[in-house]
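In our numbering, the protein residues as written are 10 to 344.
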């Protein structure tokens with residue numbers, strides 16, 4: 010399968026430092042080939058979970074000291090926190106509509122995936138949604154419906170955009186392994202099997218069709234097979250973290266037509282040059298015997314979000330390195 014983004018494609022994972030949404034939106038529209046709607050967790054209600062809770066139009070929740078909690082009601086007015094999160098999201102969409110006026114091309118939006126949401130958000134009685142089969146199904150349905158409406162609204166505001174939807178699932182490996190702590194901290198929630206994981210994830214992916222979808226997970230062994238079976242068109246990983254087994258799963262996915270979003274630029278520490286950033290990806294590609302032509306279709310990204318960058322300048326330098334790295338990867342594919 011040919012990548013829908015062409016050669017030397019680049020994007021960010023979503024989160025960025027600071028609180029100036031307007032300036033970051035202007036910047037990413039020019040800095041990467043797949044612009045993305047910035048997530049700025051330095052702002053109140055600007056973090057990944059709050060953005061996703063804002064999408065849950067059929068479920069109410071509030072923000073406790075321990076994090077987000079469902080309140081058990083279906084009336085959105087039951088949660089001041091949720092209304093504030095929604096208000097911020099709407100303000101950002103107003104800004105996006107203005108800044109991206111006339112834009113045509115791919116545009117990526119991000120949301121927490123259903124399993125990470127279930128492993129993070131609490132039930133009214135205090136344990137994670139993950140503990141309750143019915144509640145986690147309701148949460149996934151609410152997310153699917155809310156994200157479907159969100160996609161439609163972004164399309165309306167930026168009609169020239171070809172939408173890409175990224176689902177962030179950092180907690181899914183722990184969910185599958187039965188490693189998510191219970192509220193008491195003395196035990197773990199029961200593991201979820203692969204078919205169940207696929208079912209809820211695919212429900213969300215199907216809701217946003219025909220938008221291009223990818224699932225982002227920075228773990229050492231991201232569940233690539235679950236992502237593929239759920240219907241994700243792409244997988245986003247941190248190349249520096251991957252185990253041998255993970256690379257084998259990626260090889261199978263790439264050969265089956267899945268787009269790889271390769272996190273090759275580190276999010277912290279010294280900034281490498283483009284040759285250094287491309288090295289691990291190119292070396293592993295060759296070791297796995299993958300078709301060099303497929304390497305040209307890899308989307309080059311940072312290893313993860315950049316909200317932890319010490320400054321705007323640092324985050325920009327890492328984003329600007331992406332294009333140079335993508336060019337090097339393309340050249341290496343020709344060798």
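Beta carbons are placed, not taken as given, at the ideal position from N, Cα and C, and that holds for glycine.
- Along the stretch 253 to 277, the beta strand (DSSP E) occurs as fully enclosed runs of 3 or more residues at 268 to 274, listed in sequence order.
- Straight-line measurement puts the Cα of residue 297 at about 47 Å from the Cα of residue 91.
- By the C-beta density criterion, residue 123 is buried, having at least 16 other C-beta atoms within 10 angstroms.
- The bridge partners DSSP lists for residue 78 are 71 and 131.
- Proximity of the stretch 245 to 256 to the stretch 214 to 222 falls short of the contact definition, fewer than three beta-carbon pairs being nearer than 8 Å.
- In this chain, the beta strand (DSSP E) harbouring residue 116 covers 114 to 121.
- Between residue 308 and residue 287, the C-beta spacing is not below 8 Å.
- DSSP places residue 283 in the helix class (H, G or I) of the three-state scheme.
- For the beta strand (DSSP E) assignment, the stretch 23 to 49 encloses no uninterrupted run of at least 3 residues.
- A Cβ-Cβ distance of about 27 Å is found for the pair residue 108 and residue 16, leaving them out of contact under the 8 Å criterion.
- Membership of residue 160 in the alpha helix (DSSP H) is indicated by the continuous run 142 to 166.
- By the 16-neighbour rule on beta-carbons within 10 angstroms, residue 267 is buried.
- For the set 52, 160 and 45, the Cα lying nearest the Cα of residue 116 is the one of 45.
- Fully contained in the stretch 215 to 244 are the following beta strand (DSSP E) runs of length 3 or more, in chain order: 221 to 225.
- Per DSSP, residue 306 lies in no beta strand (DSSP E) and is assigned neither H nor E.
- In the structure shown, residue 172 falls within a strand segment according to DSSP collapsed to helix, strand and coil.
- Apart from sequence neighbours up to five positions away, the residues of its chain that approach residue 127 with a beta-carbon distance below 6 Å are 138, 139, 145 and 148, ordered along the chain.
- A contact is defined here as three or more CB-CB pairs under 8 Å, and the stretch 200 to 219 meets this definition with respect to the stretch 228 to 240.
- Distance from the Cα of residue 326 is smallest, within the candidate group 295, 294, 339 and 275, for 275.
- Distance check between residue 151 and each of 313, 328, 64 and 40 places 64 closest, using alpha-carbon atoms only.
- Relative to the Cα of residue 130, the nearest Cα in the group 160, 80 and 94 belongs to 80.
- Residue environment: residue 89 is assigned as exposed (fewer than 16 neighbouring CB atoms within 10 Å of its CB, all protein chains considered).
- Residues of the same chain with a CB within less than 6 Å of the CB of residue 283, apart from the 5 flanking positions on each side, are 333, 334 and 337 in chain order.
- In the DSSP assignment, residue 137 forms a beta bridge with 131.
- The C-alpha of residue 55 is placed about 7 Å away from the C-alpha of residue 97.
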